[in-house]
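Student: First to last, the sequence lines map onto chains C and L.
Residue numbering for the first sequence follows the numbering used here, starting at 1 and increasing by one per position.
Residue numbering for the second sequence follows the numbering used here, starting at 387 and increasing by one per position.
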Amino acid sequence: MNKKYKILIMAFLSILVLIAFSCTMQITPPETMRFLLKLNVYTNSITGGDTVVVDAKVIIQSITYSNYYEAKTDSNGTVLFSNLIPDHYNIQISYKSDPAIDKKLIITNATINDSLLYSADNDTVKLNIRASTKRFNSTLVISEIYYAGAKTIIPNYYYDQFVEIYNQTSETLYLDSLIIADVDYGFIDDSLIQSTHVNMFPGTGNDYPIGPGEFVIIAQDANDHSLYPVNSVDLSHADFENYCTDIGDTDNNDVTNMVQIHKKYPGADVLYSTMNDAIVLLGKIKNPYKWGYTTASNPSMYLPKWAVIDGVEYKDNTAYYDHKYLDAGIDGGITGGIPNYSTKSVERIIDHMEDDRVIFSDNNNSSLDFHVLNFPTPGYAQEVSE
Amino acid sequence: MKKIILLLSLAGLIFAQMPTAEYLYLDILSDISGGLPNQNPASLTINNLPYAYAFSYRNFSDGGAYRLPFSPGEKHYNNLEVSAYQEMKNGTVFAGRFAYRYEQRKDKLWLHNTETNIDIPFYFADSTTGDFELNGIDLDIIFSYPLSNKTQIGVEIFYNVDEQFKTVFPKPNIKRNDVNIRPAILIKGKRSSLGLTGSVFQFKENIAIKKYSLDQNQTPILMRIRGLDLPVMSYAETAEERLQIMNGYGLSGNIDLGNIITYEMNAENTSATITDGGSDPVEQGNWKTVRWYHRFDLHTALNKILDVNPFYYLSTIEISAYHPTFLSQIYQYNNRSYIGGVSFKYLSQKNESWDGTVSYGFSDINREDNFFGLSQYIPWNTLHVGFDYKLTQSNIDFSFNIGFNNIKVGTTVEYNEMSDWYYQMISAKEIAYYSQDRQEIEAGLKIVFPLKDMRIALSGTYKDVKPINIETRYRMLQTQIEIMF
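1) Going by beta carbon distance, what residues of the same chain come within less than 6 Å of C/D234, once the five residues before and after it are set aside?
2) Which one of L/R753, L/L863, L/F871 and L/I788 has the shortest CA to CA distance from C/P29?
3) By the three-class DSSP mapping on this structure, what secondary structure does C/I106 have?
4) Which value, in whole angstroms, describes the spacing of the CA atoms of L/V851 and L/N791?
5) Looking at chain L, is there any beta carbon in it that lies within less than 8 Å of the beta carbon of C/Y31?
6) Count the other CB atoms, across all protein chains shown, that sit within 10 Å of the CB of L/L412; report buried if there are 16 or more and exposed otherwise.
7) Here's the rule I'm using: 16 or more other beta-carbon atoms within 10 Å means buried, otherwise exposed. How should C/T335 be labelled?
8) When the Cα of C/D74 is compared with those of C/N67, C/N83 and C/K38, which residue comes out closest?
9) Does the beta carbon of L/D823 come closer than 8 Å to any beta carbon on chain C?
10) Within 10 Å of its beta-carbon, does L/G575 have 16 or more other beta-carbons around it, so buried, or fewer, so exposed?
11) Could you run through the segment 749-761 of chain L and flag, in chain order, every residue whose CB is less than 8 Å away from some CB of chain C?
12) One question on the structure: do L/I833 and L/I869 come within less than 8 Å of each other, judged by their Cβ atoms?
13) If you follow the alpha helix (DSSP H) that L/K736 is part of, which residue opens it and which one closes it?
14) Skipping 5 residues on each side, what residues in its chain have a beta carbon closer than 6 Å to that of L/L643?
15) Label L/P836 either buried or exposed according to how many other C-beta atoms from any shown protein chain fall within 10 Å of its C-beta, with 16 as the threshold for buried.
16) Thinking just about the alpha-carbon of each residue, which of L/K552, L/F555, L/V554 and L/Q538 is nearest to the one in L/P569?
17) Grab me the residues of C/P202's own chain with a C-beta within less than 6 Å of its C-beta, minus the 5 sequence neighbours each way, in chain order.
18) Nearest to L/L466 by CA position, among L/V479, L/R483 and L/Y443, is which residue?
19) Which class does L/H498 belong to by DSSP, given the choice of helix, strand or coil?
20) Nearest chain L C-beta to C/M1 closer than 8 Å, yes or no?
21) Comparing alpha-carbon positions, which option in L/D505, L/S638 and L/R453 lies nearest L/Q425?
22) Note down, in chain order, each residue of its chain lying with its Cβ closer than 6 Å to the Cβ of L/K674, except the 5 sequence neighbours on either side.
23) Once you ignore the five residues that flank C/Q61 on each side, which residues in its own chain have a CB closer than 6 Å to its CB?
24) Can you find a CB in chain C that lies within less than 8 Å of the CB of L/L692?
25) Using a 10 Å radius around the Cβ and a threshold of 16 neighbouring Cβ atoms, would you call L/P667 buried or exposed?
26) Does the beta-carbon distance from L/F508 to L/I611 come in below 8 Å?
27) Give me the Cα-Cα distance between L/Y717 and C/N287, rounded to the nearest whole angstrom.
28) Report back the beta-carbon spacing between L/T431 and L/V468 to the nearest angstrom; my notes put them in contact at under 8 Å.
29) Whose C-beta lies closer than 8 Å to the C-beta of L/W766 among residues of the same chain, with five residues either side of it excluded?
30) Just tell me which of C/S366, C/S297 and C/E354 has its CA closest to the CA of C/V280.
31) DSSP has C/N40 in a bridge; who is on the other side?
32) Buried or exposed for C/G248, please, with buried defined as at least 16 other CB atoms from any protein chain shown within 10 angstroms of its CB.
33) So what's C/Q92 in DSSP terms, helix, strand or just coil?
34) 8 Å is my cut-off, CB to CB: does L/Y808 come that close to chain C?
35) Any contact between the segment 799-812 of chain L and the segment 838-856 of chain L? By contact I mean 3 or more CB pairs, one from each, below 8 Å.
36) Identify which residue in L/L533, L/T500, L/T514 and L/D526 has its Cα closest to the Cα of L/D548.
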């Protein structure tokens, strides 16, 4: 045989052998970062010693992917969640005693907010949660925030914003000298908040009561915004109105004005961000100017976190935990995720009724405590109205 | 003429196979080194300058229901370019090309990234399907210089800048800025040669969604896609920015041993980072790509008119992607192609040649999403038969080529028990696309003729991909006119 033909045949056969050997690939199931969460729930406030909590409802919520899982603890106080995706989770545990046994409602409540659950080396994450058993003791809460503004003919409308305060207790409380501020600067670990707008309720002590189960509305402008072309809420009967003293703000003479303490930017209104902000209600502070201001040309006002009675943080992207302003002691979650100028609001979820009085969910976690309403409900709670 | 051939060859490479170099993902046919051995810019000498200068217009269209989920329903590219070859002082040779491109991508699902390849693990998208329009310019130049009779050095510089708009809300604006620099050396012996080409590149893509006051009554849903399932969704954001930067380097080599054996190789390493948020940056992950490509050709002249040349081709792509927070590997991708075959060259007359190629290849893709615990494996075999005919008569060059691929898919393996909506809607369709037995036919025609002191080149390429047993198609047509001086 011609030498060239031999070379050709050898070369061609070598190629076929190479291809044949190349084609082998053993396919095995993929390795995964999913993990098993084994969660044990204890309490030491019923008997004094560690007691497992049986039949407690455990809700875990993936912050990034919005996955939601719910299960009840078994007789060992254990609950298992399998194939979880590594993520930051909010974990809420609740247990209500049988009213037939204990007429006074006792809630065993524990939450872990923004907890990073991830198993790097093995596939089981073990978590023990010691829940505190307590009688319900929330006082004043921010029950609704309408910040988004209304969809209308350009320019978009935001003068209809309002904040709603609610008295959860069975006693009359007083709003005098309490402060409402917003926080859209600063960092989660700061001991002071940086506020853009600070407004104080008027009164010297017992001038502005809020009865048990009563709502109070603080409007940006206490006008009727329901008229065409805005088609928003009627706030002409609001309880309080933010009034800017420096530039000609509209003023409803029938509605009590809040006392303006600070406003970062010049302008005729107290405009909360229609996308990202946090609203806080602070208790009485003798001298709110004591903590000073930031050094920016338009400074924010410093206020102490310890004075915060309630706070709610909202963002258009509820997964942005890296940019939170409020810590878990005030609000471990984020509510919102709604379009600006959509006439939608965020409202606290009703937890239960107590003597015909609504008790709102208050876990200091707006991801769990709030839901989105398609239309604001100033002065009432949606579930009750329905 | 050579340029047309090389452009058509390059087009064939892009649309027939997985890219063996990162820059091919740009989908820009700007390559004046494409016809040189292993694309080595140092190979450009005064002996292989095709013309002094030329103007050309190219039109490319493709479309069809048989496509990957994120591929546009139709693509229409228009390309105007001017190119020149010039011998300069001291033996330096210059080649340059400047092009303007206008491209339309129609009915493109969700994705904002300009090009869509299943091996890229991170994408940015919104919830609308729409049309994209792109305007861009690119520049490609080569300088080569003879150090001695045996040694030549050269460098190729490619630069592209383009801008793309989605025509429907939220109207993302995508800007690309790409540089590829390739220094090279060629050492020639009496019958042998050795060429080496380095490459350093950066391909940058910036996607921005800005607040459009006129559209504020609409709300986009933005998606950050990672791997095979569940993108990170964000609602009601009115502004967002994504920056994708791919930095890489590579080395190519070509050896010709006495025109008996030729060997070409290319190795490339790319690192890519993704950052969202513009001035308030939030890392979104990164990935690394390693590519290998080898080709061996054995040249055997059986007699004066017939050459029989066995060849073996191997390429691999390995990608590993990492999570921005957990710093763990969350995705891996492997693509292998092994092709062996024989080409025949029959020189019936001095001005006429018949070339044929028969090859058989094995390819596979393995994708693993280690975050969600999903994987896909698709193997397939390709039988290729190709035929080229060239004739030169009365100063007119004529060539015709036709190729046929029969692709037979082997047993696919899928682990999808823990899949969610995105996998079922997109990733499952991607494996379905590759899992189709199919036949591909590609034909090209070129004619180059003189007209006064010019040479006019007209060319066209048509490709039809027909899956077996389903009534969908993919079709591609490319036409080009070139006026050479």
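Each residue gets a CB set at the ideal place from its N, CA and C atoms; glycine is no exception.
Tutor: Reading it off the structure:
1) D224 and S226
2) For C/P29, the nearest C-alpha among the options comes from L/R753.
3) Any answer about C/I106 is weak, because its pLDDT of 47 lies below 50 and its placement is not dependable; what the coordinates show is given next. In this structure, C/I106 counts as strand in the three-state DSSP scheme.
4) 9 Å
5) It is worth fixing the name first, because residue 31 of chain C is Glu in this sequence and not Tyr. The beta carbon of C/E31 sits closer than 8 Å to some beta carbon of chain L.
6) buried
7) buried
8) C/K38
9) Not closer than 8 Å to any Cβ of chain C, the Cβ of L/D823 fails to qualify, so no.
10) exposed
11) Residues passing the 8 Å Cβ filter: D750, N752, E754, D755, N756, F757, F758, G759, L760 and S761.
12) no
13) Secondary structure note for L/K736: it is in no alpha helix (DSSP H), with a DSSP letter that is neither H nor E.
14) S578
15) With fewer than 16 Cβ atoms within 10 Å of its Cβ, L/P836 is classed as exposed.
16) L/Q538
17) These residues qualify, in order along the chain: V259.
18) L/Y443
19) coil
20) At C/M1 the pLDDT is 49, less than 50, meaning the model places this residue with poor confidence; the figure from the coordinates comes in the next sentence. No, no contact with chain L.
21) L/S638
22) So the qualifying residues of the chain are S657 and S706.
23) Y68 and N90
24) no
25) exposed
26) yes
27) 56 Å
28) Wrong, their Cβ atoms sit about 22 Å apart, outside the cutoff.
29) Setting aside the 5 residues that flank it on each side, L/W766 is surrounded in the same chain by F748, S749, D750, I793, K794, V795, G796 and Y820, each with a C-beta closer than 8 Å to its C-beta; the list follows chain order.
30) C/S366
31) C/T78 and C/N128
32) exposed
33) strand
34) L/Y808 has a beta carbon lying at 8 Å or more from every beta carbon in chain C.
35) no
36) L/T500
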